[in-house]
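Residue numbering for the sequence shown follows numbering that gives the first Met the number 0, beginning at 0 and increasing consecutively.
Just so you know, even glycine gets a beta-carbon here, dropped at the ideal spot from N, CA and C.
All of these numbers come straight from a predicted model, not from anything done at the bench.
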Amino acid sequence: MGLGSSSPVRVRFAPSPTGHLHIGSFRTALFNWLFARHNNGTFLVRIEDTDLERSKQEYVESITQALEWVNLHPDEPAVVQSERIKEHERILQELLAQGKAYKCFCTQEEIVARAGDSAFISYDGLCRTADQDTQKPYVIRFKLPNITEVSFDDLIRGTITFAADQLDDFIIARSDGRPMYNFVVVVDDHAMGITDVIRGEDHISNTPKQILLYQACGYTVPNFAHIPLILGPSGDRLSKRDGATSALAYKKMGYLPDALVNYLVRLGWSHGDQEIFTREQLIEFFTLDSVGKKGSIFDIDKLNWMNGVYMRERSAQELVSYITTELDADFVAALLGWDAAQIERVVDLFKERAHTLVELIEAVKRLHDGPPHYEQADLDKWIEPETKEHISELIEVLQVHENSSIDVLQDAIKALAKKLGIKLVKLAQPTRIALIGSSAGPGVFDMLAVIGASQTMARLSRLRDLK
Ligand code: GLU
Numbered sequence: 000m001g002l003g004s005s006s007p008v009r010v011r012f013a014p015s016p017t018g019h020l021h022i023g024s025f026r027t028a029l030f031n032w033l034f035a036r037h038n039n040g041t042f043l044v045r046i047e048d049t050d051l052e053r054s055k056q057e058y059v060e061s062i063t064q065a066l067e068w069v070n071l072h073p074d075e076p077a078v079v080q081s082e083r084i085k086e087h088e089r090i091l092q093e094l095l096a097q098g099k100a101y102k103c104f105c106t107q108e109e110i111v112a113r114a115g116d117s118a119f120i121s122y123d124g125l126c127r128t129a130d131q132d133t134q135k136p137y138v139i140r141f142k143l144p145n146i147t148e149v150s151f152d153d154l155i156r157g158t159i160t161f162a163a164d165q166l167d168d169f170i171i172a173r174s175d176g177r178p179m180y181n182f183v184v185v186v187d188d189h190a191m192g193i194t195d196v197i198r199g200e201d202h203i204s205n206t207p208k209q210i211l212l213y214q215a216c217g218y219t220v221p222n223f224a225h226i227p228l229i230l231g232p233s234g235d236r237l238s239k240r241d242g243a244t245s246a247l248a249y250k251k252m253g254y255l256p257d258a259l260v261n262y263l264v265r266l267g268w269s270h271g272d273q274e275i276f277t278r279e280q281l282i283e284f285f286t287l288d289s290v291g292k293k294g295s296i297f298d299i300d301k302l303n304w305m306n307g308v309y310m311r312e313r314s315a316q317e318l319v320s321y322i323t324t325e326l327d328a329d330f331v332a333a334l335l336g337w338d339a340a341q342i343e344r345v346v347d348l349f350k351e352r353a354h355t356l357v358e359l360i361e362a363v364k365r366l367h368d369g370p371p372h373y374e375q376a377d378l379d380k381w382i383e384p385e386t387k388e389h390i391s392e393l394i395e396v397l398q399v400h401e402n403s404s405i406d407v408l409q410d411a412i413k414a415l416a417k418k419l420g421i422k423l424v425k426l427a428q429p430t431r432i433a434l435i436g437s438s439a440g441p442g443v444f445d446m447l448a449v450i451g452a453s454q455t456m457a458r459l460s461r462l463r464d465l466k
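Structure (structure tokens):
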């Protein structure tokens with residue numbers, strides 16, 4: 000066990016605000032949060048905004064919003080890396096003073112020329128000892144100690160070893176004086192008391208450099224865990240087309256936060272065959288041992304399925320309240336003439352079939368407004384020459400029963416089918432098409448009960464009178 004593992008767990012999620020919170024990073028945040036909660040530890044956020052050209056405040060805000068949307072709150076105020084620059088510079092000077100880093104005046108051309116044909120252009124250490132012309136611009140390099148390898152026990156991947164010849168005296172501050180990424184990460188992780196660094200596997204190659212810097216600064220080296228990437232269906236890195244978009248885009252597409260969390264945690268982590276977990280269960284069961292070593296393939300169908308499961312678990316009232324606060328503030332207002340109970344009945348009807356809240360909203364509005372068009376395939380299949388006649392008869396039955404209960408009306412329609420010598424479906428499907436434009440939908444009597452006989456008659460006439 001490393002020293003780090005005996006102190007209370009402190010982890011951080013360290014996004015760079017150069018874009019919205021991508022779902023890959025979002026999953027990294029979740030794994031950190033779950034690890035902290037499982038170990039009664041502390042979850043921190045650090046905004047890595049030292050790339051001043053590419054970092055934007057709007058991204059800091061959208062990342063924060065995305066974390067808030069799924070209730071991942073840092074336990075202490077977020078640390079902003081650019082505000083710590085003085086501290087970074089102070090430690091840099093210490094390393095220089097201790098001879099653990101040095102100024103390098105070589106130009107890139109000089110370094111390349113001296114490196115010859117070697118594949119890895121490593122710095123030859125000339126400025127470790129050469130006389131220095133302080134008029135020239137310089138970078139600051141880390142003086143690689145005399146080692147043969149750097150090795151660490153990754154909590155997910157096991158032992159990872161880098162031979163020393165894969166490393167050189169790497170740059171820790173640019174010629175404009177700005178400290179480099181690997182250096183500031185180490186200074187900040189130490190200052191924040193980070194015990195476990197959990198991040199994407201694209202950072203594995205930074206880890207040996209960071210370990211050497213920890214040691215040079217006299218800091219305790221934390222544990223490391225590198226999470227495999229999320230892959231597209233072809234096994235390559237997830238592309239935009241396959242779903243590599245921001246967490247907030249999934250919110251807009253109508254995924255419930257808990258469903259997206261459940262889906263993303265299962266993408267790369269497992270607990271037996273269980274698919275659906277409450278947040279409490281995730282906290283209880285989550286360990287890094289159960290994170291797979293291989294990349295996981297993003298599967299939008301599974302996310303849709305899971306979101307459907309979560310939608311059905313919610314009451315209509317909860318869904319309406321979520322929709323109006325998070326997705327569509329005008330949702331209720333647009334359903335003119337329907338009271339809360341009616342809206343909830345319709346939400347209950349449609350939530351059985353919808354995969355996303357956006358689908359649900361559209362379906363509810365379609366029943367309210369009437370279909371903007373009819374599905375051609377459904378017309379071809381269900382509207383036969385004699386159907387218009389049947390619809391007229393159906394309208395007459397509805398007229399008679401305008402004020403009857405839905406049960407009485409249902410019996411009357413069944414009786415009509417019998418009288419016409421047709422199956423009930425031959426009346427039900429055209430009615431469904433008249434009501435919502437499609438033969439796929441909730442029970443026709445359920446919809447009829449909500450929108451009433453007179454509205455149904457109007458829509459049936461519209462369909463009958465279609466050319
Ligand atoms: N800022 C880095 C990123 O967004 C994370 C670095 C780290 O976790 O150490 O990929």
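- Take the alpha-carbon of proline 221 and the one of isoleucine 193: they are about 7 Å apart.
- Here the stretch 405-414 does not lie against the stretch 336-346, with fewer than 3 beta-carbon pairs under 8 Å apart.
- Aspartate 195 is bridged by DSSP to Asn222.
- For leucine 302, same chain residues with a beta-carbon under 6 Å away, outside a window of 5 residues either side, are Tyr262 in chain order.
- Relative to glycine 369, the option among Ala376, Ile382 and Ala433 whose CA is nearest is Ala433.
- Annotation for glycine 157: no alpha helix (DSSP H) segment contains it, though the beta strand (DSSP E) segment containing it runs 157-162.
- Shown here, threonine 27 sits in a helix according to DSSP, grouped into three states.
- Within a 10 Å sphere around the beta-carbon of arginine 311 sit fewer than 16 other beta-carbons, which makes this residue exposed.
- Residue range 41-46 is occupied by the beta strand (DSSP E) that includes threonine 41.
- Ranked by Cα distance from glycine 176, the options Trp68, Ser403 and Lys85 are led by Lys85.
- DSSP places tyrosine 137 outside both helix and strand once states are collapsed to three, so it counts as coil.
- The C-alpha of arginine 113 lies about 12 Å from the C-alpha of phenylalanine 119.
- Distance between glycine 307 and lysine 55, taken at the CA atoms: about 35 Å.
- Annotation for valine 290 indicates a beta carbon at 7 Å or more from all heavy atoms of the ligand GLU.
- Contact check for proline 178 against glutamate 88 passes: the beta carbons are separated by less than 8 Å.
- Taken through DSSP and simplified to helix, strand or coil, leucine 91 comes out as helix.
- In the DSSP assignment, valine 149 is bridged to Phe161.
- For the ligand GLU, no non-hydrogen atom lies closer than 7 Å to the CB of histidine 21.
- Setting aside the 5 residues that flank it on each side, leucine 447 is surrounded in the same chain by Thr455, each with a C-beta closer than 6 Å to its C-beta; the list follows chain order.
- Remark: fewer than three beta-carbon pairs, one from each stretch, lie closer than 8 Å, so the stretch 231-241 and the stretch 195-212 are not flagged as touching.
- Lysine 350 and arginine 265 have their alpha carbons spaced roughly 23 Å apart.
- Burial state of glutamate 358 is buried, judged by a 10 Å Cβ sphere holding 16 or more other Cβ atoms.
- Membership of cysteine 126 in the alpha helix (DSSP H) is indicated by the continuous run 125-128.
- Fully contained in the stretch 211-260 are the following beta strand (DSSP E) runs of length 3 or more, in chain order: 222-226.
- With a threshold of 7 Å, the Cβ atom of valine 264 does not count as near the ligand GLU, since no heavy atom of the ligand is closer than that.
- Beta-bridge partners assigned by DSSP to phenylalanine 12: Val44.
- Residue environment for lysine 251: exposed (fewer than 16 other C-beta atoms within 10 angstroms of its C-beta).
- Using a C-beta cut-off of 8 Å, the stretch 28-36 makes no contact with the stretch 46-54, since fewer than three inter-stretch Cβ pairs fall below that distance.
- Distances from the CB of histidine 225 to the heavy atoms of the ligand GLU are all 7 Å or more.
- In this structure, the ligand GLU has no non-hydrogen atom nearer than 7 Å to the beta-carbon of proline 221.
- If you compare the alpha carbons of Leu237, Glu361 and Asn39 with that of proline 7, the shortest gap goes to Asn39.
- Counting other Cβ atoms within 10 Å of its Cβ, glutamine 428 reaches 16 or more and is therefore classed as buried.
- Assigned with DSSP and collapsed to three states, lysine 102 falls in strand.
- Taking arginine 463 as the centre and dropping the five residues before and after it, the same chain places the C-beta of Lys387 and Ile390 closer than 6 Å to its C-beta, in chain order.
- For aspartate 167, the number of other beta carbons within 10 angstroms of its own is at least 16, and it is reported as buried.
- For the pair histidine 202 and leucine 94, the Cα-to-Cα distance works out to about 24 Å.
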